[in-house]
Amino acid sequence: MRGNEVRSSLEKHRQMILSKAKRITPSVAAADVPAAGTSLRNQRSAQLSSCPRRLSLAVVGVILLAFLTGIAPCTLAAPAGSSRPLAMTPPMGWNDWAHYQCGYTAQTILDNANALARTGLAAAGYKTVIIDDCWMQKDRDKEGYLQADPLRFPNGMKPIGEALHKLGLNFGIYEDAGYLTCDGDAGSGEVNGGGKTYFDQDARLFASWGVDYLKLDGCRMYVPSGSSPEASYRKAYAAESAALKKVNRPIVFSESAPAYFQGKPEWYDVLRWVGAYGQLWREGSDIANFHLNDPDHPRFSSVMWNYTYNLQLGRFQKPGNWDDADFIIGGDHGMSMAETRSQLALWSMMSAPLILSSDVGKLTPQAITILGSKSVIAIDQDRLGRMATLVSRNLEMDLLFKKLSGGDYAVAVLNRGESPLPVTVDPAEFGFTARKTCNFDARDLWSGRLQPAASTLQTTVASHDTALWRIHPSAGCGAPARTGAITMSNAEASHQPSHYTRCLASSGELEDCSGTPAEVWTITPAGALKSGDHCLVVASGKPVMASCHNGSARWHYTVLGDLVNDRDHQCLSAGSAQDISLKMEACEKGKLEQIWSLPN
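This is the structure:
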């Protein structure tokens, strides 16, 4: 899932690392198995064909890590032979890619694993160490088995897994559903031109190495004549899923298939079926990488973009199935401490996997404290697994609301602006009753300060920071109504967070979100879309605001994102990016102008 831009920028770094690798031996004992890969890697071509996936190859930066305290480590995999579902809370861990790309060795992996344990980040839940692309050779051995790169892993892969397990960590590895990985190494999928696949053989090999987590990319997929890209991806990921189920080892399956369809009508179809095969999926552009030649390049815009597109996809998520917004890069070059707080808070509000990608040993104590926050991680790991609702959005601020188990809720205020932002938030904004008896106990999760019986939440949010509270409402608040913004993604505004999401307004138009009362909707138990005192109905074939007692005020919402009127069975549709009017049209599968995101 990386293109030529990444490879060219990494070549000098790669050569430097590999030259050191010849002098480094991993600090683990070699296992009583033959070393994987006994011949040197063939010289790679200087130019590899670019991959379709990396739509956002943003610049620099690198990732972050969490620490401290001791939240109970999340359960990633069930014991061997167990039928218990996998990854019932979002996976947490570390991956080498966003910081090192291909510039790593076995020692790099083990050094970061030891740093996770030493800093307390592993105890905080970051327990799965994932080795990304470039670990293997381009060619398989004569029996068709994958071979580890002998320069990076002179003792093979199994000793790495054994060392990680001794540290109490899980072992994750990378492969590709195509015939080659994004870096041009041996893939598991059907060979180019058609023929054999290696899903079963590779799954057995991974299990023999003690692998606990597989990330399967989709960079070079063979699409036979007469087939479609979506059908080919689905066939490959279904085959990998079946192969993993045959081995006597629970292996969490991370799928990259949706990322190759972002911005296309098929994206939502892929998101609908991907959960049947694995536990989490990368559904869009990658987070910005760290680059040695520009180490302090700002990376927060990349974080904002991934957050923006991921937040729209809550309907596909549930415990055991997670929308993956990509790596946590907070705490590293290109990310301030405020931006680090924002990324961890926003990922936690989305119940997104928390996979660090940085040089863990070089994280500052302040970054480790932020990333290891027990109370913030608890928001991410809450057993309900809910995606936060976007309550309101304007150019500077997002207000998010998330239901938690045990009667609690989480509230976040993001300040994407360049100046401090004073905010006052009322319980009614989250759908609670407006009675005077409604108040809540509120704990600021960054300072730890408890505010009992608060009638409002008040604070000043620094630039690029995110305020985060855990609240427990009083009995006088009642249950919150399903309230927030109804939005549509603008595929023409890729990598433009301020224009990607447009809000449905009670004026009858789709507009750039401005946070006005006209953009606040309540989804009633009967299925009406209510704003103020009126509901969206269909009259004379057109969507209009009218009495909520109107017979056409009921709608139903599909997993693909359609809003279908119960009376005329047509879909609420928007015009193009230039046409902001609304209309009713026959429902058409994959039509981007008919796909909506509702409050969760």
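Note that the sequence shown ends on residue 1277 in our numbering; no numbers are left out.
Built from N, CA and C at the ideal position, the CB exists for glycine as well.
Close CB contacts of Gly821 within its chain, under the 7 Å cut and outside five residues either way in sequence, are with Tyr875 and Gln878 (chain order). Pairing Lys819 with Met813, the inter-Cα distance amounts to about 15 Å. In its chain, beyond the 5 residues on either side, Leu844 have a beta carbon closer than 7 Å to the beta carbon of Ala794.
Under a 10 Å Cβ-count criterion, Val888 is classified as buried, with 16 or more other Cβ atoms of the shown protein chains found around its own Cβ. Secondary structure at Phe1117: strand, using DSSP grouped into helix, strand and coil. Contact fails between the stretch 1168 to 1186 and the stretch 1134 to 1141, because fewer than three Cβ pairs, one in each stretch, are under 8 Å apart. A residue is called buried when at least 16 other Cβ atoms come within 10 angstroms of its Cβ; Gln824 meets this threshold and is buried.
Between Ser1052 and Arg992, the C-beta gap is not smaller than 9 Å, which leaves the two residues out of contact.
Setting aside the 5 residues that flank it on each side, Arg881 is surrounded in the same chain by Val924, each with a C-beta closer than 7 Å to its C-beta; the list follows chain order.
Within the stretch 1043 to 1125, the complete beta strand (DSSP E) segments at least 3 residues long are 1066 to 1070, 1074 to 1080, 1086 to 1092, 1098 to 1102 and 1117 to 1121, listed from N- to C-terminus. In this structure, Ala1158 lies away from Gly1083, with their beta-carbon atoms at least 9 Å apart. Residue state for Thr1143 is assigned as strand, using DSSP reduced to three classes.
If you look at Glu839, you'll find it isn't in any beta strand (DSSP E); it sits in the alpha helix (DSSP H) that goes Lys835 to Lys843.
Taking Leu990 as the centre and dropping the five residues before and after it, the same chain places the C-beta of Asp1000 closer than 6 Å to its C-beta, in chain order.
Using a Cβ distance threshold of 9 Å, Leu1145 and Glu1106 do not count as a contacting pair. Between Pro1030 and Met769, the gap from beta carbon to beta carbon is short of 9 Å. In this chain, the beta strand (DSSP E) harbouring Pro1129 covers Leu1127 to Ala1131. Beta bridge pairing from DSSP links Tyr899 with no other residue. In the structure shown, the three-state DSSP call for Gly1161 is strand. Pairing Ala1002 with Ala775 gives a Cβ-Cβ distance that is not under 9 Å. Excluding its 5 nearest sequence neighbours in each direction, His1149 has C-beta neighbours in its own chain below 7 Å: Gly1084, Asp1085, Phe1117 and Asp1118, listed in chain order.
Shortest Cα-Cα distance from Glu1095 to any of Thr1199, Ser1050 and Ser978 involves Ser978. For Cys1180, DSSP records a beta bridge to Thr1164 and Glu1188. Per DSSP, the unbroken beta strand (DSSP E) holding Trp999 starts and ends at Trp999 to Asp1001. A residue is called buried when at least 16 other Cβ atoms come within 10 angstroms of its Cβ; Gln1135 does not meet this threshold and is exposed. Under the Cβ criterion (8 Å, minimum of three pairs), the stretch 1004 to 1024 counts as touching the stretch 1039 to 1049. The C-beta distance from Cys1190 to Arg1070 rounds to 4 Å, short enough to fall under 8 Å. The criterion of a C-beta distance shorter than 9 Å is not satisfied by Pro927 and Val951.
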